[in-house]
Amino acid sequence: MKCTINDIAKETGYSRNTVSKALKNDPQVSQRTIENIIRKAESMGYFTKEERTEYKIDQGNILFLNISHANDSQFWSNVLTGIEMVLSETNYQLTIATLSKEDIAEGRLPEAVYSSNTKGIIVVEMNFRPVWEKLLETNLPIVTVDAPKNPNFLIGKCDIVMMENHSNVEKITELLIRKGYSDFAFIGDLYSPNTGLGFMERYYAFFNTLKKHELEIDSHASILKDTDTIFENFEKIKELLNSMKKMPDVFLCGNDWLAIQLIYALQALGYRIPDDINVIGFDNIPNSERILPGLTTIDTPKIYLGRKAAHLIMDRLIEPDIPYSISKYSTKLILRESTSL
């Protein structure tokens, strides 16, 4: 059923008369009220595509802010698709800015952040606290997909969108323990200033599940720091694996990109996956299905994460004082051939 003026009035808190006048661009209504009502009307599907151009407001840009390494670009490109799906139904334009290592070292934000056309920011995979503090000083609406590993300083200052990281890590670990495996290792950077809460939650879900069975993570076979640097160098990965006195039964990796690089390196060293070693990823990026053997992983709803982030920005532009939220999306275990299950 088509959205009505009454529906918009109920959602915005304005009277039916004010909504009607705003939709006619009546000069008796303030420009800010007109913009708020038209944005809400757009988000509720009041306008046809043809009508949207008639009601167009100079709404500005939503900035997608990331950092300058692309080792998990397949993940973020899907998040970006979700954002674009929402913004394409509005009169906001999506712009992209990237923080370089030099920007981070010098505490510098991209110029686009300070542009008068930037109306809101969606942050992805950026967890450096000094940079965050500068972002918060802009007083722009901000949504982050994932969050820093110690996120308390963001609570009540921006909206947070995450995936649920515990349940399926616990599930796959339990399945492998029941299968008789007892030597488990983790690969993922827990110590970088840019480590996200997602990685930490995956690690602790793994740690606590093993502990419940009186098992421990194999510290000698785990790689818990500098993984971005190490896993961009194929020879370095092989060298590190060769230095391990004993291979574990299972490697759980913080994301699919790490798991895929690990599989290539293990295969180059003569190991058979999963006959010799089980490998598990997280995210279900397209390459996780293309690699041989197919990667057992945990699917995250990447497009929906992006859509939610964009909807939250739109909602805050309409109602700046709504309470800040933390949204979590469930995940799904995807069993493929990289595990003996």
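Residue numbering for the sequence shown follows full-length UniProt numbering, starting at 1 and increasing by one per position. No residue lacks a Cβ here, since even glycine has one placed at the ideal position from N, Cα and C.
DSSP puts F64 in a beta bridge; with which residues? I96, I122
Can you give me the C-alpha to C-alpha distance between D159 and F282, rounded to a whole angstrom? 23 Å
Look at I303 and T331 and say whether their C-beta atoms are less than 8 Å apart. no
Which same chain residues end up closer than 8 Å to R336 when comparing Cβ atoms and leaving out the 5 residues on each side of it in sequence? S288, E289, P293, G294, L295, T296, T297
Proximity to K238 [Cα-Cα], best of T173, D146, Q261, D276: Q261
Quick one: measure Cβ to Cβ for R307 and M85, integer angstroms, because I've assumed they're closer than 8 Å. 6 Å
To the nearest angstrom, how far is it from the Cα of W132 to the Cα of V161? 16 Å
For the beta strand (DSSP E) that contains M162, what are its first and last residues? 159–163
Below 8 Å CB to CB, which residues in the same chain sit around I318 once its five sequence neighbours on both sides are set aside? T12, N36, R39, K40, S43
Between the region 130–149 and the region 212–228, do three or more beta carbon pairs fall short of 8 Å? no
Taking 8 Å as the cut-off, decide whether the C-beta atoms of K328 and M200 are in contact. no
What did DSSP end up calling L252 once you bin it into helix, strand or coil? strand
Among F207, I187, M314, R178, which one has its Cα closest to the Cα of C253? I187
Since I believe N242 is in contact with L269 (beta carbons under 8 Å), could you give me their beta-carbon distance rounded to a whole number of angstroms? 7 Å
What residues in its chain sit with their C-beta under 7 Å from that of T118, if we drop five residues either side in the sequence? G60, N61, L63, A112, L140
Beta-bridge partners of K328, as assigned by DSSP: M162
Tell me, to the nearest whole angstrom, how far the beta carbon of G107 is from that of P130; I am working on the premise that it is less than 8 Å. 5 Å
Tell me the residue span of the beta strand (DSSP E) that contains I298. 297–299
For the candidate residues P248, D249, I230, whose alpha-carbon lies nearest to that of L240? I230
Reduced DSSP category for F207 - H, G, I as helix; E, B as strand; rest coil: helix
Which of the three DSSP states, helix, strand or coil, is assigned to T33? helix
Within 10 angstroms of its Cβ, does A105 collect 16 or more other Cβ (buried), or is it exposed? exposed
Which of helix, strand or coil DSSP assigns to T144: strand
In the DSSP output, what is N278 paired with across the bridge? V250
Determine the direct distance from the alpha carbon of A309 to that of N17, and round the result to whole angstroms. 32 Å
Host beta strand (DSSP E) of F153 (start-end): Note, F153: premise wrong, no beta strand (DSSP E); not H, not E.
Could you tell me if I83 is buried or exposed, where buried requires 16 or more neighbouring beta carbons within 10 angstroms of its beta carbon? buried
DSSP three-state label for D315, please. helix
Could you check whether the Cβ of H166 sits closer than 8 Å to any Cβ belonging to chain C? This model lacks chain C altogether; it includes just one protein chain.
For L135, which of helix, strand or coil comes out of DSSP? helix
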